[in-house]
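Have a look at the structure below before the remarks.
Chains as they are written, first to last, in our numbering: chain A, 1 to 241; chain B, 1001 to 1144.
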């Protein structure tokens, strides 16, 4: 993996991450602003849901990042376990908190949408329950990774947990297909969508905007972790001399 | 074999083991994890159990009737293969209508009908503006 190892050197990574953080953040904020404006003013209401359909423009990107974030943790964990890539461990820990936050936003916006649409904030159906589990798995990962670090662990336990948690991703994705659920089936497939184009078009803008913001937050956190590690190493050197 | 390759194999085996475990658990849960019964899922065991269950399906067209007391609604739930008559007394959700999905919480009666204590509207995956859906679905807005 020569391509991956080019970034194994934190100095080289920082050189790229430093300008990329504000670039992604600015681009993400711009796209989210455009998407909000379009989603709130330019699209028609849905024939059944009325205006509450607009919650989708926040809900769907949050669900995507909640699940995409865990995919990132899993891939980083594999890279860390197999190739001992030093930045992979940093990346996985940096993704955990924003990933958990977006999973929570997904759950909350879903509840707000469910009250007027279904007539309930919460039901224990397959999709809702598996997404709540993912949120708890995020919290468990954050606690485990922190505890492991505080006791001087090498991060392998957290990486194993990161791989094991991946089981939830296909369950969440296909829960609405395998079981009878209150949540509707998938609207957007690879080739077709059952959402009319006049309602759908701000959604990809919001997805891209959320993703860029997410990337910016993760890079910011990775830089913070690297800076903390550097400061700690310096302090250790000073006390041992 | 290099240590790196050994680790790669180990991680691959772990991922495979987790996937197989998940598949086994899911196939075991297949019947238990359903959020509701469809009318064609209703077997004599379900009827005999006399416990609180959920019944889901489409509200059959032309089947909704309101009783004279003003709160009792009767309708037929269908999944295309079987039908179940449902009685419910209370406020129905805004999205409750003929031809739409519904999930009723309640109990089956001895005659195979269903008495609901709560109704949930099930939304489908189709989203469209009111112009496309036609006049039959008037959209409610906040404007007076």
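Idealized CB from N, CA, C, for every residue including glycine.
Check whether residue i and residue j have beta carbons under 8 Å apart
i	j	result
residue 116 (chain A)	residue 1129 (chain B)	no
residue 70 (chain A)	residue 126 (chain A)	no
residue 172 (chain A)	residue 1026 (chain B)	no
residue 50 (chain A)	residue 1120 (chain B)	no
residue 35 (chain A)	residue 202 (chain A)	yes
residue 1117 (chain B)	residue 1106 (chain B)	yes
residue 177 (chain A)	residue 183 (chain A)	no
residue 1097 (chain B)	residue 1115 (chain B)	no
residue 1127 (chain B)	residue 76 (chain A)	no
residue 242 (chain A)	residue 145 (chain A)	Summary: the structure shown does not reach residue 242 (chain A), with chain A confined to residues 1 through 241, and so no result is reported for it.
residue 214 (chain A)	residue 90 (chain A)	no
residue 113 (chain A)	residue 62 (chain A)	no
residue 48 (chain A)	residue 1095 (chain B)	yes
residue 1042 (chain B)	residue 1084 (chain B)	yes
residue 78 (chain A)	residue 96 (chain A)	no
residue 162 (chain A)	residue 141 (chain A)	yes
residue 1056 (chain B)	residue 1020 (chain B)	no
residue 207 (chain A)	residue 39 (chain A)	no
residue 1089 (chain B)	residue 1071 (chain B)	yes
residue 181 (chain A)	residue 1035 (chain B)	yes
Beta-bridge pairing of residue i - partner residues as DSSP gives them
i	result
residue 188 (chain A)	A:193
residue 1087 (chain B)	B:1074 and B:1115
residue 1121 (chain B)	B:1102
residue 1127 (chain B)	A:195
residue 1108 (chain B)	B:1114
residue 46 (chain A)	A:50
residue 1065 (chain B)	B:1074
Own chain residues within Cβ distance below 7 Å of residue i, not counting five before or after
i	result
residue 1099 (chain B)	1058, 1059 and 1061
residue 209 (chain A)	28, 31, 32 and 35
residue 148 (chain A)	155, 157 and 158
residue 1010 (chain B)	none
residue 222 (chain A)	17, 90, 91 and 94
residue 200 (chain A)	193
residue 59 (chain A)	106, 109, 110 and 113
Buried or exposed by the 16-neighbour rule on C-beta atoms within 10 Å, applied to residue i
i	result
residue 1067 (chain B)	exposed
residue 1091 (chain B)	exposed
residue 82 (chain A)	buried
residue 1054 (chain B)	buried
residue 166 (chain A)	buried
residue 1016 (chain B)	exposed
residue 130 (chain A)	buried
residue 85 (chain A)	buried
residue 54 (chain A)	buried
residue 123 (chain A)	buried
residue 1005 (chain B)	exposed
Own chain partners of residue i with C-beta closer than 6 Å, once the 5 adjacent residues on each side are dropped
i	result
residue 21 (chain A)	216, 219 and 220
residue 1131 (chain B)	none
residue 1063 (chain B)	1075 and 1076
residue 1082 (chain B)	1039 and 1040
residue 80 (chain A)	88, 89 and 159
residue 195 (chain A)	187
residue 1138 (chain B)	Low confidence applies here, because residue 1138 (chain B) scores a pLDDT of 45, under 50, leaving its location unreliable; read the following figure in that light. Within the same chain, residue 1138 (chain B) has no close Cβ partners at all.
residue 235 (chain A)	none
Own chain residues within Cβ distance below 8 Å of residue i, not counting five before or after
i	result
residue 135 (chain A)	66, 100, 103, 104 and 107
residue 42 (chain A)	202
residue 1109 (chain B)	1115
residue 198 (chain A)	43 and 44
residue 14 (chain A)	223 and 226
Chain E contact residues for residue i, given Cβ-Cβ distances below 8 Å
i	result
residue 125 (chain A)	No chain E is present in this structure, whose protein chains are A and B.
Within the region 7–39 of chain A, ranges of the alpha helix (DSSP H) (whole runs, at least 4 residues): Taking only runs of at least 4 residues, the alpha helix (DSSP H) segments lying wholly in the region 7–39 of chain A are 10–37.
Start-end ranges of the alpha helix (DSSP H) lying completely within the region 1020–1063 of chain B, minimum 4 residues: 1044–1049
Length at least 4, wholly inside the region 85–153 of chain A: the alpha helix (DSSP H) runs in chain order: 86–118 and 126–150
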